[in-house]
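2 protein chains.
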Amino acid sequence: MNRDQIFESILAKKSYLCIGLDTDLKKIPAHLLAEPDPIFAFNKAIIEATHDLCVAYKPNMAFYEAQGVRGWQALEKTIAFLNALETPVFTIADAKRGDIGNTSALYAEAFFENLNFDAVTVAPYMGADSVVPFLGFPEKWVILLGLTSNSGAQDFQLPNAFYRTVIEKAQNWANPDALMFVIGATRPAFFREIRALAPEYFFLVPGVGAQGGDLQSISAHGMNAHCGLIVNSSREILYASDGLDFAQKAREKALVLQQQMALILKEKFSI
Amino acid sequence: MNRDQIFESILAKKSYLCIGLDTDLKKIPAHLLAEPDPIFAFNKAIIEATHDLCVAYKPNMAFYEAQGVRGWQALEKTIAFLNALETPVFTIADAKRGDIGNTSALYAEAFFENLNFDAVTVAPYMGADSVVPFLGFPEKWVILLGLTSNSGAQDFQLPNAFYRTVIEKAQNWANPDALMFVIGATRPAFFREIRALAPEYFFLVPGVGAQGGDLQSISAHGMNAHCGLIVNSSREILYASDGLDFAQKAREKALVLQQQMALILKEKFSI
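Here the protein sequences come in this chain order: A and B.
Those letters in the first sequence? Residues 59 to 329, per the numbering used here, in order.
Those letters in the second sequence? Residues 59 to 329, per the numbering used here, in order.
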């Protein structure tokens, strides 16, 4: 999926919502545990109930790896199901990988070629040769950690504005057609300056919902002429109910966010 | 495995060698491809041929994830085989993970509880709450990226000696009984100052062999009173031959390194 297609999808769906498929066997409705593949059964129901309201899905690899082989099987079925949707959605492997060059190349193979995700999140600490192997796949994306939503961002990212060093340097490696940045929703005060630092790049924004980020503020300061924001919510949507109505309740939560986004998009782009 | 046990194992085996199980279907001997599980067949033969010469094994997750479900199955069989060896070896999941707290906790569950590795490599960018969930498992270890062996270390780690900031701060999170650092063998000039910065911590040292690191120099500047070094070699050992004799040739390569290490240990510890 290229940048124009992402923006077209945002305008068509009046949404820049990403739903994080952080599927946890301890939190999904108990009745699903009788299914042959409870993780996939949950994901499928969530996707069927929400895919007209969001432009992206983001399974976090940790939730699948914690289940070993059956987790990986559920992941394979989930990405295949996403890629078979009639209206394409943008798919993000939230993996936060990064290793020496020949090893990053294998992760790229795993996520882009074998699983056929559109994007993978990558950690910057190991520098250019850990990131570059993920680039150069047509219409595939690196989403590099910039300023994250968690408290630990205070340890290395915020001192001396190190996140700025990362966001500046990474722009030498890839243009806005192949690279996005993760910018946490819990830090709305930073969106204006980070948008100025990387005007054309998309930001993947986790932390709305359970982590407390504010959609209005982020959108006011973070949007660019092609929207430039994909805002993720995971737990608040997935676990809106643990009963038989979980998918319907997830849809209702997603709908609230989508309707807020529709208003913001209407004001910004007159749609 | 605790710190005393690691040091005892080093003295008993006269070795501080770690063998990186970076098992690549494109590089293993062709005759193994007829096996039901070529990756595990290769790993098992390598481990059987070398386990008296090394104190640790380090499968890099990328090589297994690139094979999807069958890769994960091979990984499970490999770690089970390692954990069943008569003489215990230290096992490292080279994963370079790191995510927000609740997600890092799931990675810890995956590697420490489900797979039963002794240690996992972790990337520092997301700070304390991305690392701390890996701590507090008895006799399990975090191995945090410090100064890596790849060229990309020049992008963020070396400018303003940022690796020092990471190594200093991380010592507030865990003592030398639960935390090690990755320090690349390709940077021997840094070993003296990093050892002074973290006198008691073990360093996992990749980059000897194919990447060009120098064992003598690293050992002279990096050892402490409990050895404090675990030196990894992967490709040079694994792919010493692609014939029927691959395991024997791997043993010969490992033996060269072990004999060099035995001399260094003899001089340092009079064993």
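We put the beta carbon where it would ideally sit given N, CA and C, even for glycine.
Per-residue DSSP class, three states only, for residue i
i: residue 68 of chain A; result: helix
i: residue 254 of chain A; result: helix
i: residue 244 of chain B; result: coil
i: residue 194 of chain B; result: coil
Below-8 Å beta-carbon distance, residue i vs any chain A residue
i: residue 102 of chain B; result: no
i: residue 215 of chain B; result: yes
i: residue 156 of chain B; result: yes
Start-to-end residues for the beta strand (DSSP E) that takes in residue i
i: residue 78 of chain B; result: 75-79
Residue-level contact to chain B via CB, residue i, 8 Å cutoff
i: residue 182 of chain A; result: yes
i: residue 116 of chain A; result: no
Q) If you measure beta-carbon to beta-carbon, which residues of the segment 121-135 of chain A are closer than 7 Å to chain B? A) Flagged, chain order: 121, 123, 124, 126, 127, 130, 131, 134.
Q | 3-residue-minimum beta strand (DSSP E) runs that sit fully inside the segment 81-152 of chain A, ordered along the chain | A | Restricted to the segment 81-152 of chain A, the beta strand (DSSP E) segments that are unbroken, complete and at least 3 residues in length are 114-117, listed in chain order.
Q | Residue ranges of each beta strand (DSSP E) within the segment 257-318 of chain B, 3 or longer | A | Listed in chain order, the beta strand (DSSP E) elements of length 3 or more contained wholly in the segment 257-318 of chain B are 260-263, 287-291.
Q) What are the uninterrupted segments assigned as beta strand (DSSP E) that are 3 or more residues long and contained completely in the segment 158-224 of chain A, given in chain order? A) Counting only runs of 3 or more, we get 177-180, 199-205.
**Q.** Members of the segment 186-217 of chain B near chain A, C-beta cut-off 8 Å
**A.** Answer set for the segment 186-217 of chain B: 186, 187, 188, 189, 203, 206, 207, 208, 209, 210, 211, 212, 213, 214, 215, 217.
Q: Select from the segment 158-175 of chain A all residues with a C-beta closer than 7 Å to any C-beta belonging to chain B, and list them in chain order.
A: The segment 158-175 of chain A vs chain B, Cβ under 7 Å: 158, 159, 161, 164, 165, 167, 168, 172.
Q: Below 8 Å between beta carbons is the criterion; list the residues of the segment 220-237 of chain B that meet it against any residue of chain A, in chain order.
A: Residues of the segment 220-237 of chain B whose Cβ lies closer than 8 Å to any Cβ of chain A, in chain order: 220, 223, 224, 227.
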